[in-house]
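Working notes for the structure below.
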Amino acid sequence: MRWLSDRTVERLRAAGSEIDLTHTRYRLIEPIGRGGMGTVYLVEDPALDRRVALKVLDLPDAGGELTARLIQEARVLARLEHPGIVPVHDVGELEDGRVFYTMKFVRGDRLDRWVRSGVSLRQRLVVFRRLCEAVAFAHAQRVLHRDLKPQNIMVGAFGEVLVMDWGVAKILRNLDEEPTLRMTPEASPESLSARSPGASPQTRHGTVLGTPGYMPPEQARGESAQLDERADVYALGAVLAFLLGGRAAAEMGARSASKPRWGRGVPRALRAVAEMAMRAEPAERYRGADELAAEVDRFLEGRPVMAHPESILLRAGRFLWKHRIAVILLLVYAIVRALVLLAERP
Amino acid sequence: MDETTRMPRTGSPFPPTRASVVQGVRSDDPETRKRAYTTLVESYWRPVYTYVRLQWRRDAEQAQDLTQEFLARVVEKEFLGTYEPGRSRLRTFVRTCLDRLVQNADRDARRLKRGGGFEIRSLDFGSVEGELSRLDPPDPNQGEAFFEREWIRGFFGSVVEELRLECEESGKQIHFQLFERYDLEEAGATYESLARDFELSSNDVTNRLAYARRTFRRIALERLRTLTGDEAEFRAEARTLLGVDVS
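The listed protein sequences correspond, in order, to chains A and B. For what it's worth, this note's numbering labels the leading residue of the first sequence as 1, then goes sequentially. For what it's worth, this note's numbering labels the leading residue of the second sequence as 347, then goes sequentially.
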């Protein structure tokens, strides 16, 4: 028996776990990420001479539930054509029966890493604003993400935002028109349909999907049937809290509905926005991601936010600050005028 | 078309359930028991010897005696009867028993090579001696990690050997040679250089390498299943060794 060096053992381990793309048009480059459901590889598409990301289940799925979920994810992505949502290119099946899909290879940083690169509060809020836009678009298409967290959000070199990993997304109502899938030759529509009966796996009531600290209480209780857009609003609130605190919401005490613990220097109005998004009662949260985005807009424009009612004094102060140049000019005018009047008095 | 592309679809890259050695040694059938013990001995003698030589710093003769005695006890005393799958990994259990044996060795000067009716085949200690110089001296406090590393080295070595035999028997020597060049040799060949050297197209290299790796993984998982105590341990080991989740 031959003796194997440590390096050879490592190469063999890697070789043993590699996916077999023999009968697809793709060539494997390297694994680039791993999620709860599968692994994402960087592959080359020689036909189009480009690199794409290929997501595949880690194991053949005897029960078919994970396969159906992966196909559902691809279909959700195909439906959500938006600059803030990673576009899907192709769906297929490996020789061993595992279903895969390919999508745009996103270059950039995950939000949790990006935030550590010394970005300003305004930059964070602009990115958050774009995130809200993408989620609001998905909501308009009746799709909930259900697992929004910094690890599922990519930020590109120019501040563009891409929402990733729609593996546990929920379609709020059945669609009259099923999106058409483009298939590789080895993955016929029949074979995928057979593996994905109904093409829309429903999460059983009582099943908990999501990430602690980012999922709302109703999702943590497994009340999947009751979830609506406000579940994602909660997660967006947790992401905002993360962006403001730089730490995971879960670490900040937001495991359930409790308020995050804030560090110093976080503007009260923004705290209030995040806390309102993360209210335990869905009815007390923003109704949608667009409403939350509008709040951030108000803050960025120096206007009061709905979540943080201000006293008359604060409002007056904000008014004066906003119109400070006019106020200063008026004051100067008044002082000069007063001096002139005093000087003219006999 | 390359012959690998005509292979029937298996539906799964993972092996069917095979009896583990733990079940095998408890079988009423003498042949099954013998097979299980043989598998155990084949899989463990190298890491056991290396571990005794380097971790316990015994000389070659002492290490050979202790290895022979340990393996004899495995067979004779049916020590796996006390092993409880689920409480620890089989590998950890074996290592713990080995530590105990070596600790007691000084008190028990009498060495008997026993076999309990099974013949322990001649073990090529000389070949292992030649390999010891290539290993870094182990950390005295990292016995578990050292034993695991050596076990994994031996495990992959035996899988490669089985792959070679299987490729030869099925007339796929080129497949193995490509695998050998690309995945075993340190220099790190490229698909293009292999295509040139073997006078194949890049596509053929890709397909044949994929076949060899697929077979390598199948053999590894089959062997792993026999060398683990239960399904949970099998899954955990498959993930540790190959980074794969098995259903």
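We put the CB at the ideal spot given by N, CA and C, even for glycine.
- In this structure, DSSP gives D109 (chain A) an extended state, which the three-state scheme calls strand.
- Per the Cβ contact rule, the region 127-142 of chain A is not in contact with the region 20-40 of chain A (fewer than 3 Cβ pairs under 8 Å).
- Against chain A, the CB of D529 (chain B) has a partner CB under 8 Å away; the residue lies at that interface.
- A straight line joining the alpha-carbon of W391 (chain B) with that of L227 (chain A) spans about 58 Å.
- Note that the region 431-444 of chain B touches the region 571-585 of chain B; at least 3 beta-carbon pairs, one per stretch, sit closer than 8 Å.
- Of the residues A:V266, A:H23, A:F100 and A:L243, the one whose Cα lies closest to the Cα of P150 (chain A) is A:L243.
- For R122 (chain A), the enclosing alpha helix (DSSP H) has its first and last residue at L121 to A140.
- C-alpha of T24 (chain A) to C-alpha of L94 (chain A): approximately 7 Å in a straight line.
- The alpha carbon of F522 (chain B) has as its nearest neighbour, out of B:V440, B:R560, B:F580 and B:P486, the alpha carbon of B:R560.
- Here S548 (chain B) carries a helix assignment [DSSP, helix/strand/coil].
- DSSP, reduced to helix, strand and coil, places I32 (chain A) within a strand of the structure shown.
- The Cβ neighbour count for S479 (chain B), taken over all protein chains shown within 10 Å, is under 16; the residue is labelled exposed.
- At a cut-off of 8 Å between beta carbons, M1 (chain A) contacts chain B.
- At a cut-off of 8 Å between C-beta atoms, S504 (chain B) counts as an interface residue with respect to chain A.
- For the C-beta of A566 (chain B), the chain A residues within less than 7 Å are, from N- to C-terminus, G16.
- Taking the Cα of V161 (chain A) as reference, the smallest distance to any Cα among A:D58, A:P83 and A:A53 is reached at A:P83.
- Of the candidates B:T586, B:D529, B:E475 and B:V387, B:V387 places its Cα closest to the Cα of V421 (chain B).
- V115 (chain A) sits away from A134 (chain A), with the two beta carbons spaced by 8 Å or more.
- Listed in chain order, the non-local C-beta contacts of L540 (chain B) below 7 Å within the same chain comprise L524, R527, Y528 and V551, local neighbours out to five positions each way being set aside.
- In chain order, T22 and R27 make up the part of chain A whose C-beta sits under 8 Å from the C-beta of T552 (chain B).
- Under the DSSP assignment, H89 (chain A) falls in the beta strand (DSSP E) whose first and last residues are V88 to E93.
- Under the three-state reduction of DSSP output, R50 (chain A) falls in the strand class.
- Between the beta-carbon of F501 (chain B) and that of S389 (chain B) there is about 7 Å, and that keeps the pair under the 8 Å contact cut.
- Secondary structure at L21 (chain A): coil, using DSSP grouped into helix, strand and coil.
- Residues of the same chain with their beta carbon placed closer than 8 Å to that of R542 (chain B) are lacking, with the five preceding and five following residues left out of the count.
- Contact annotation, A274 (chain A) with G213 (chain A): C-beta distance approximately 13 Å; criterion of less than 8 Å not satisfied.
- Taking C-beta atoms as the reference points, A78 (chain A) and V88 (chain A) count as a pair closer than 8 Å.
- V371 (chain B) sits in a helix when the DSSP states are folded into three classes.
- Of the residues B:L400, B:T428, B:C443 and B:G589, the one whose Cα lies closest to the Cα of N487 (chain B) is B:L400.
- In chain order, R13 and S17 make up the part of chain A whose C-beta sits under 7 Å from the C-beta of G589 (chain B).
- Within the region 368-430 of chain B, the complete alpha helix (DSSP H) runs of at least 4 residues fall at 376-396 and 406-422.
- In the structure shown, the three-state DSSP call for T102 (chain A) is strand.
- Around F580 (chain B), no beta-carbon contact reaches into chain A at under 9 Å, the shortest distance being about 13 Å.
- Between the region 405-419 of chain B and the region 469-479 of chain B, the count of Cβ pairs shorter than 8 Å is three or higher; the stretches touch.
- Residue pairing of K55 (chain A) in beta bridges, as defined by DSSP: A:V40 and A:Y101.
- The distance from the Cβ of R303 (chain A) to that of E310 (chain A) is about 10 Å, inconsistent with a contact at the 8 Å cut-off.
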